[in-house]
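Under my numbering, residues 47 to 712 are what the sequence shown spells out, in order. Glycine residues also receive a C-beta, built at the ideal position from the N, C-alpha and C atoms. Here's the structure, in structure tokens; my notes come after.
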Amino acid sequence: MAVAGCPAFAYETRQTLEIDADWTFQLGSRSAEVSAIDPTGWRNVNLPHTYNAVDGDDGGNYHRGPAFYRKTVFQPARSAFTRTFIEFDGAAVVTDLWVNGTYVGQHKGGYARFRFDLTPYLRPGENQLLVRTDNSASLQVAPLGGDFTVYGGIYRSVRLIRTHDVHFDMLDYGSSGIEIRQSEVTAKQAKLAYRVRVANDGQVDRAVRVRVNLRNGNATVLSLETSLSVQAGAVAVADLAGELASPHLWNGVADPHLYQSEISVENYAHERLDSATVATGLRSILIRPDQGVLLNGRPYSVHGVNIHQTMLPERGTAVTDGNIDSDFRLLKDLGVTGLRFAHYQHPQRGYDLADESGILVWTEVPFVAKASPDEGFEANLQDQLRELIRQNRNHPSVFVWGLGNEIYSVDADSARLLDGLQALAHKEDPDRPTTYANCCAPIDGPQASHTDTIGSNVYYGWYDGQFDDLGPWLDANHVKRPATPEAVSEYGAGGSPYHQADPPSRPRPGSHWHPEQYQALYHERAWSQIAQRPWLWASFIWCGFDFPSDGRNEGDRSGINDKGLITYDRRIRKDAYFWYKANWTSSPMVYITSRRAVTRHTADVAVKVYGNVSQARLRLNGRDLGAQPFENHMATWNVRLSPGKNTLTVEGGSAVDIVTWVLTAE
């Protein structure tokens, strides 16, 4: 019921202490246990930290094994708070925790947030935390395969959270304990349902009230409350529901409006025992096989890139929120409306930024390449899916749950695992569809039959086939399964800004020659075919950024997958980036391609320019070479260079670009 409640008294509901600083670390041998720790082998580190920052992208055999972290934390003898939890945003891949020499527990999975209740193990004063992480491959923990480096360590932040006896459930698969569902969302109304899990870790039963205030800026637009009895040592669930008239909809990149849901648990003295604020975007999303995505009832083009979690040279996955913010600025500048978070749960900062930016997100469980018949593997996969959904279901940006990527073994084990994930996904979240990234086969094959929608990883013109095979192949799929919504989940080609060939010939994917121009040509042809098929519900380039895959030995260096539109160090946006910017953005831009082919040996050249304006004018060393219209966001001039330095200037409305090439003798 929706009622106006009494205000709660000022009362500190929980205390959060970041503990990233002042850890010690030592690397273990392949099978090292706690007994093998060298008392003199510790060195100082701060979190986030990975022990693969150097060897994870050098093309060698990176360390996959255990390591140990140690930190002293202080527990006050007297406090307003009675419970203490430790929260890991991410540690890879298997994490064990001891406090003061007593074993606390284990978490299996390298990409989700998880917590332990430390209350029984802490004593007043100093307490020693000992953490063992292990990124070894295990038949019981996903992922078993994949074309990416599996970094080890405590590579995301850690904090202590102190609460009262009554609090939101802290042990609900790393979630907030709060679920927000929305239905019948239109411009006229939105129905909201809140499910709040409240834990009572005290010795006596408690009667509390759960309140929800939905705020739009400074205004409260919906208030809900209900009574709840919580037995000692148990968790109880409060359900609240209401309707909002004339909601301001979350409308993608054009208008990503967010409300704030303020949820609190109070005692009958109106003291607030716990509270949380959840960004809430109201929208309806449907995926249709003949229309693609309908956002708030209207067709919406979902186009963008695949990204791994942010990884950087000499840092690996141990990055800051600022690094993630920087990546998102590059992606927003590109004009993406969608992202695929490959191939596992990403840090919460990415989901928050997608909410704020209006970018739709496909996010997935790390079921990659290989399946295992081990019963423990199935249990772990399902736990990782529960974590993924419960931690991210309140994000308006998340619109599909991915259940797997390129599972090569088409057999009973993979079918059973995918079917189990499908059933679990709909149990955990009845409102969102599922999908699967299918590789190397049409979508009428058995591996593509387990999810509500399907994506195809297809690389015509790179690994096999020709550029123009893509469109007919997609059409054939559409005929085979006309009732199944289809996306292009991956397409791409390698490209090095240090490899220049104008015009290019087709390289071998596994070679050490990946010219930037061929990558751009690939994307020109691929996107032209994708854009002509609006029934595709999404398309995602592989990929946004070059990333570490330590087993690779190709392109301009070992250990890197170079299919990104942006280099691993983020210093260079490749030509293909600007091809998509010309197609996906409206602020006037022009861009001269092959700009890094500075030294020229042939006087007669074709100058190709990408742009999103109607026409542009080219000048060579100040001499006007005339205007050309843009056709399909490209314009070309045939130009004769002069010996020595040649400065080319292209102007299209308010947009200008300049490059300098040097013509030398053969």
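Query raised in the report: If we call anything under 8 Å between Cβ atoms a contact, is L206 one with L340?
Result: Mapped onto the sequence shown, residue 206 falls at position 160. Mapped onto the sequence shown, residue 340 falls at position 294. Not in contact: L206 and L340 (Cβ atoms no closer than 8 Å).
Query raised in the report: Taking the alpha-carbon positions, what's the N484 to E271 distance?
Result: What you label residue 484 is simply residue 438 of the sequence shown in a count that begins at 1. What you label residue 271 is simply residue 225 of the sequence shown in a count that begins at 1. N484 and E271: Cα-Cα distance of roughly 45 Å.
Query raised in the report: When you compare each of P94, G106, S347 to D68 by their alpha carbons, which one comes out closest?
Result: Indexing the sequence shown from 1 puts residue 68 at position 22. Considering only alpha carbons, the answer is P94.
Query - Alpha carbon of K620 to alpha carbon of A487, nearest angstrom - result: Taking the sequence shown and counting its residues from 1, one reaches residue 620 at position 574. Taking the sequence shown and counting its residues from 1, one reaches residue 487 at position 441. Each residue's Cα considered, the two are about 30 Å apart.
Report task. Tell me where the beta strand (DSSP E) around L611 begins and ends. Result -> Sequence index remark: in the sequence shown, residue 611 carries index 565 (1-based). Neither: L611 is in no beta strand (DSSP E) and is coded neither H nor E.
Report task. From the DSSP output, in three-state form, read off P518 for me. Result -> Numbered from 1 along the sequence shown, position 472 holds the residue referred to as residue 518. Correct three-state label for P518: helix.
**Report entry** Integer Cβ distance of D596 from G102, believed to fall under 8 Å
**Finding:** As a position in the sequence shown, residue 596 is number 550, starting the count at 1. As a position in the sequence shown, residue 102 is number 56, starting the count at 1. With 8 Å as the limit, D596 and G102 qualify as a contact, their Cβ atoms being about 6 Å apart.
Query raised in the report: Can the beta-carbon of Y115 be found closer than 8 Å to that of F162?
Result: Residue mapping note: residue 115 aligns to position 69 of the sequence shown, counting from 1. Residue mapping note: residue 162 aligns to position 116 of the sequence shown, counting from 1. In this structure, the beta-carbon distance from Y115 to F162 does not fall below 8 Å.
Requested in this report: Can you say whether K117 is buried or exposed, counting buried as having 16 or more other CB atoms within 10 angstroms of its CB?
Outcome: As a first step, residue 117 is located in the sequence shown; it is residue number 71 there, counting from the start. By the neighbour-count rule (16 or more Cβ atoms within 10 Å), K117 is buried.
Query raised in the report: Should K627 be labelled buried (16 or more other beta-carbon atoms within 10 Å of its own) or exposed?
Result: The sequence position of residue 627 within the sequence shown is 581, counting from 1. Counting Cβ neighbours within 10 Å, K627 comes out buried, since at least 16 surround it.
Requested in this report: Tell me where the beta strand (DSSP E) around H349 begins and ends.
Outcome: Against the sequence shown, residue 349 aligns to sequence position 303. Segment 349-353, the beta strand (DSSP E) holding H349.
Requested in this report: Return the Cβ separation of L290 and L274 in integer angstroms, given the expectation that the two are a contact with Cβ distance under 8 Å.
Outcome: Locating residue 290 in the sequence shown gives position 244, where the first residue counts as 1. Locating residue 274 in the sequence shown gives position 228, where the first residue counts as 1. That belief does not hold up - the Cβ atoms of L290 and L274 are roughly 23 Å apart, past 8 Å.
Report task. Identify whether G51 lies in helix, strand or coil by the three-state DSSP scheme. Result -> Taking the first residue of the sequence shown as 1, we reach residue 51 at position 5. Because G51 sits at a pLDDT of 45, beneath the cut-off of 50, its placement in the model cannot be relied upon, and the point is left open.
Report task. Would you mind working out which of D367, R318, Y390, F676 sits nearest I353, comparing C-alpha positions? Result -> Residue mapping note: residue 353 aligns to position 307 of the sequence shown, counting from 1. Considering only alpha carbons, the answer is Y390.
Query raised in the report: Start and end of the beta strand (DSSP E) containing Y346?
Result: Within the sequence shown, numbered from 1, the residue matching residue 346 stands at position 300. In the DSSP assignment, Y346 falls within the beta strand (DSSP E) that extends over 344-346.
Query raised in the report: Short check: CB of G448 to CB of E421, under 8 Å?
Result: Stepping through the sequence shown from its first residue, residue 448 is reached at position 402. Stepping through the sequence shown from its first residue, residue 421 is reached at position 375. Going by C-beta atoms, G448 is not nearer than 8 Å to E421.
Query raised in the report: Once you ignore the five residues that flank G504 on each side, which residues in its own chain have a CB closer than 6 Å to its CB?
Result: The residue given as residue 504 occupies position 458 in the sequence shown. Note that residue 504 is Val in the sequence shown, not Gly. Correct list, in chain order: Y537.
Query raised in the report: Exposed or buried, what is N678 when buried is set at 16 or more other beta-carbons lying within 10 Å of its beta-carbon?
Result: By 1-based counting over the sequence shown, the position of residue 678 is 632. Classification for N678: exposed.
Report task. Would you verify that the beta carbon of A415 is, or is not, closer than 8 Å to some beta carbon of chain D? Result -> Here there is only one protein chain, and chain D is not present.
Requested in this report: In the DSSP assignment, find the beta strand (DSSP E) that holds L406 and state where it starts and stops.
Outcome: Here residue 406 corresponds to residue number 360 of the sequence shown, with the count starting at 1. Counting along the chain, L406 sits inside the beta strand (DSSP E) bounded by residues 406-410.
Report task. Locate the beta strand (DSSP E) running through Y149, then write down its first and last residues. Result -> The count along the sequence shown starts at 1 and reaches residue 149 at position 103. Y149 -> beta strand (DSSP E) spans 148-154.
**Report entry** E230 burial status per 10 Å Cβ neighbour count (16 or more: buried)
**Finding:** Taking the first residue of the sequence shown as position 1, residue 230 is located at position 184. E230 counts as exposed, since fewer than 16 other C-beta atoms from the protein chains shown sit within 10 angstroms of its C-beta.
Query raised in the report: In chain order, which beta strand (DSSP E) runs of at least 3 residues are fully inside the region 540-600?
Result: Counting whole runs of 3 or more residues, the region 540-600 contains the beta strand (DSSP E) stretches 585-587, 593-600.
Query raised in the report: So is T706 buried or exposed if we call it buried at 16+ other beta carbons inside 10 Å?
Result: As a first step, residue 706 must be located in the sequence shown, where it is residue number 660. Counting Cβ neighbours within 10 Å, T706 comes out exposed, since fewer than 16 surround it.
Requested in this report: Give me the Cα-Cα distance between F799 and A315, rounded to the nearest whole angstrom.
Outcome: Nothing can be reported for residue 799, as the shown portion of the chain is limited to 47 through 712.
**Report entry** Where the alpha helix (DSSP H) through S372 begins and ends
**Finding:** Mapped onto the sequence shown, residue 372 falls at position 326. For S372, the enclosing alpha helix (DSSP H) has its first and last residue at 367-380.
Query - Residues of its chain near G507, where Cβ-Cβ distance is below 6 Å and the 5 sequence neighbours each way are ignored - result: The count along the sequence shown starts at 1 and reaches residue 507 at position 461. For G507, where only same-chain residues beyond five positions count, the Cβ hits under 6 Å are F513, Y568.
Query - W583 beta carbon less than 8 Å from that of V12 - result: In the structure displayed, the chain extends from 47 to 712; residue 12 sits before or after that span and is not available.
Query raised in the report: If you follow the alpha helix (DSSP H) that F624 is part of, which residue opens it and which one closes it?
Result: By 1-based counting over the sequence shown, the position of residue 624 is 578. According to the DSSP assignment, F624 belongs to the alpha helix (DSSP H) that extends over 621-630.
Query raised in the report: Going by DSSP, which residues form a beta bridge with F134?
Result: The count along the sequence shown starts at 1 and reaches residue 134 at position 88. Residue pairing by DSSP places F134 opposite F160, V204 in a beta bridge.
Query - Cβ neighbours of E435 in the same chain (closer than 6 Å, five flanking residues each side left out) - result: Indexing the sequence shown from 1 puts residue 435 at position 389. Reading off the sequence shown, one finds Ile at residue 435, where the question assumed Glu. Excluding residues within five positions, the ones whose Cβ falls inside 6 Å are E474, D475.
Requested in this report: Pick helix, strand or coil for D215, following the three-state DSSP scheme.
Outcome: For the purposes of this step, residue 215 is taken as residue 169 along the sequence shown, with counting starting at 1. In the three-state DSSP reduction, D215 falls in the coil class, being neither helix nor strand.
Query raised in the report: Is there contact here, the region 223-238 with the region 143-163, by at least three beta-carbon pairs under 8 Å?
Result: No, the region 223-238 is not in contact with the region 143-163.
Query raised in the report: Are there 16 or more other CB atoms within 10 angstroms of the CB of L185, so buried, or fewer, so exposed?
Result: Residue mapping note: residue 185 aligns to position 139 of the sequence shown, counting from 1. The residue in question, L185, is exposed, as its Cβ has fewer than 16 Cβ neighbours within 10 Å.
Query - Separation of V204 from D66, as counted between CA atoms - result: Stepping through the sequence shown from its first residue, residue 66 is reached at position 20. Stepping through the sequence shown from its first residue, residue 204 is reached at position 158. One C-alpha to the other measures close to 6 Å.
Requested in this report: Pick helix, strand or coil for G501, following the three-state DSSP scheme.
Outcome: As a working mapping, residue 501 is identified with position 455 in the sequence shown. Correct three-state label for G501: strand.
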